[in-house]
Amino acid sequence: MRPFAFSRADSIESAVQHYQAEPHSTFVAGGTTLLDLAKLDVMRPSRVIDINDLPLKEVERLEDDRLRIGALVTNANLARHPDVKQDYPLLAQAIMAGASTQVRNMATTGGNIMQRTRCPYFRDVAAACNKRAPGSGCDAIDGINRMHAVLGGSESCVAVHPSDMCVALAAIGATLTLQGPDGEREIDFADFHYLPGTTPHREHALGEGELIVAVTLDPPLRPLGTAYTKLRDRASYEFALASAGAMLSLDDGMIGEARLALGGVATRPWRCHEAESLLVGRRADEAAFKEAADTALAEAKPLSHNAFKITLARQAIVRALRDARERHS
Ligand SMILES: Cc1cc2nc3c(=O)[nH]c(=O)nc-3n(C[C@H](O)[C@H](O)[C@H](O)COP(=O)(O)OP(=O)(O)OC[C@H]3O[C@@H](n4cnc5c(N)ncnc54)[C@H](O)[C@@H]3O)c2cc1C
Numbered sequence: 001m002r003p004f005a006f007s008r009a010d011s012i013e014s015a016v017q018h019y020q021a022e023p024h025s026t027f028v029a030g031g032t033t034l035l036d037l038a039k040l041d042v043m044r045p046s047r048v049i050d051i052n053d054l055p056l057k058e059v060e061r062l063e064d065d066r067l068r069i070g071a072l073v074t075n076a077n078l079a080r081h082p083d084v085k086q087d088y089p090l091l092a093q094a095i096m097a098g099a100s101t102q103v104r105n106m107a108t109t110g111g112n113i114m115q116r117t118r119c120p121y122f123r124d125v126a127a128a129c130n131k132r133a134p135g136s137g138c139d140a141i142d143g144i145n146r147m148h149a150v151l152g153g154s155e156s157c158v159a160v161h162p163s164d165m166c167v168a169l170a171a172i173g174a175t176l177t178l179q180g181p182d183g184e185r186e187i188d189f190a191d192f193h194y195l196p197g198t199t200p201h202r203e204h205a206l207g208e209g210e211l212i213v214a215v216t217l218d219p220p221l222r223p224l225g226t227a228y229t230k231l232r233d234r235a236s237y238e239f240a241l242a243s244a245g246a247m248l249s250l251d252d253g254m255i256g257e258a259r260l261a262l263g264g265v266a267t268r269p270w271r272c273h274e275a276e277s278l279l280v281g282r283r284a285d286e287a288a289f290k291e292a293a294d295t296a297l298a299e300a301k302p303l304s305h306n307a308f309k310i311t312l313a314r315q316a317i318v319r320a321l322r323d324a325r326e327r328h329s
């Protein structure tokens, strides 16, 4: 691990100022992504700015019924928050499907959104990776690509976005509040993560020195049934091969509103708008769920080792929709 300077920010403004003072600075929250990647020499910060003293640990119900989550709320605290369990169960389910108790106790909301891909070629500095070293190529495309993306990939990059929490955020709908050198701004969560295209090193809309300060969830759907189905190589402490987050609002067995998002199969958290439109107004039955799954995966493109992911994702969708229907209140 390379040496780096360290400072601790005592206000949001000072965090941004520290960052600007030195090129190649980075923030650290729980450290569960950053420290791993620094040890692997993938991230090489010259200064690490600890943001853990910032007042960003509250979950607050807003007057318009939305829920504002501070960027430093840990994944564990968020999943067990009463408002999340009551009104956004998909978020609690997705978080609890990820990592381990120890990691969830450290990992933060902002850090989870900013976590990097688990692509083994990205994490190996001896490999070619356009995301880590722009222009160097992509060893995954002709390599061992069993874990890689079937949706949203490009000729430059097929790395999967690994977050479970972000699948729930994509389905629920959310706004990020960012603070940077030019003040505060908001951005729709759906616009935050970029597709790789020809510039996979540009992963998100956060500017230099900008900090995520909060995530505000859209108002809850009521009545609601939700489910997060995660399929993976082992039952815990493992990233998804394919996951689906589903939300259904039903009236006498008919679908009034539907939300569907996928993880483990795409280069960013993947909302399935066309599949949702197909479901609305239909009876919540197996035929509708299978059609929705086919629609969601219609554009999927397998690589040499991961065609099975399309089948897995289809099953994850049908199972998540079925479980959401069964859990409807
Ligand atoms: C063994 C292991 C298993 C895991 N399994 C899963 C899993 O199954 N599912 C899953 O979804 N995740 C999993 N994770 C990933 C884990 O969820 C993330 O590492 C964690 O959410 C990152 O949060 P953090 O606070 O520790 O981020 P840090 O490591 O502190 O930071 C990560 C990045 O985010 C930036 N950052 C942090 N906070 C902010 C902010 N407020 N504003 C701007 N930038 C910020 C940092 O600069 C850094 O670049 C696993 C991790 C490990 C180590």
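Read the sequence shown against our numbering and you will find it ends at 329, with the numbers running on by one and no gaps.
Just so you know, even glycine gets a beta-carbon here, dropped at the ideal spot from N, CA and C.
Reduced DSSP secondary structure (H/G/I, E/B, other) of residue i
i    : result
H81  : coil
F308 : helix
K131 : coil
A5   : strand
Y228 : strand
T295 : helix
C157 : coil
E63  : coil
V48  : strand
F289 : helix
D191 : helix
A284 : coil
R68  : strand
A300 : coil
L34  : helix
Boundaries of the alpha helix (DSSP H) in which residue i is found, first to last residue
i    : result
R104 : T101 to M106
S277 : H273 to L279
T109 : T109 to M114
E13  : I12 to A21
D164 : D164 -> no alpha helix (DSSP H), and no H or E assigned at all.
Residue i: first and last residue of the uninterrupted beta strand (DSSP E) it sits in
i    : result
I187 : G183 to D188
M254 : M254 to G263
I212 : L211 to L217
D251 : A242 to D251
Cβ distance (whole Å) where residue i is taken to contact residue j below 8 Å
i    : j    : result
P196 : S156 : 6 Å
L211 : A15  : 6 Å
A128 : A242 : About 26 Å; that fails the 8 Å criterion.
S46  : Y237 : Actually they do not touch by this definition, with Cβ atoms about 32 Å apart.
L303 : V158 : 6 Å
G110 : A29  : 6 Å
G209 : Q20  : 5 Å
Cβ shell of residue i (< 6 Å), same chain only, five flanking positions each side left out
i    : result
A246 : A227, L260, A320, L321 and A324
F239 : R118 and P162
Span separating the alpha-carbon of residue i from that of residue j
i    : j    : result
W270 : G264 : 9 Å
F4   : V280 : 53 Å
D53  : I172 : 29 Å
C119 : L278 : 33 Å
L176 : V73  : 14 Å
R185 : R222 : 29 Å
P162 : D41  : 20 Å
C138 : I255 : 42 Å
R116 : A107 : 13 Å
T26  : A284 : 46 Å
Cut-off 8 Å between Cβ atoms - residues of its own chain near residue i, not counting five sequence neighbours on either side
i    : result
A168 : Y88, L90, L91, Q93, A94, I95, Y228, G245 and A261
L37  : M43, R116 and R123
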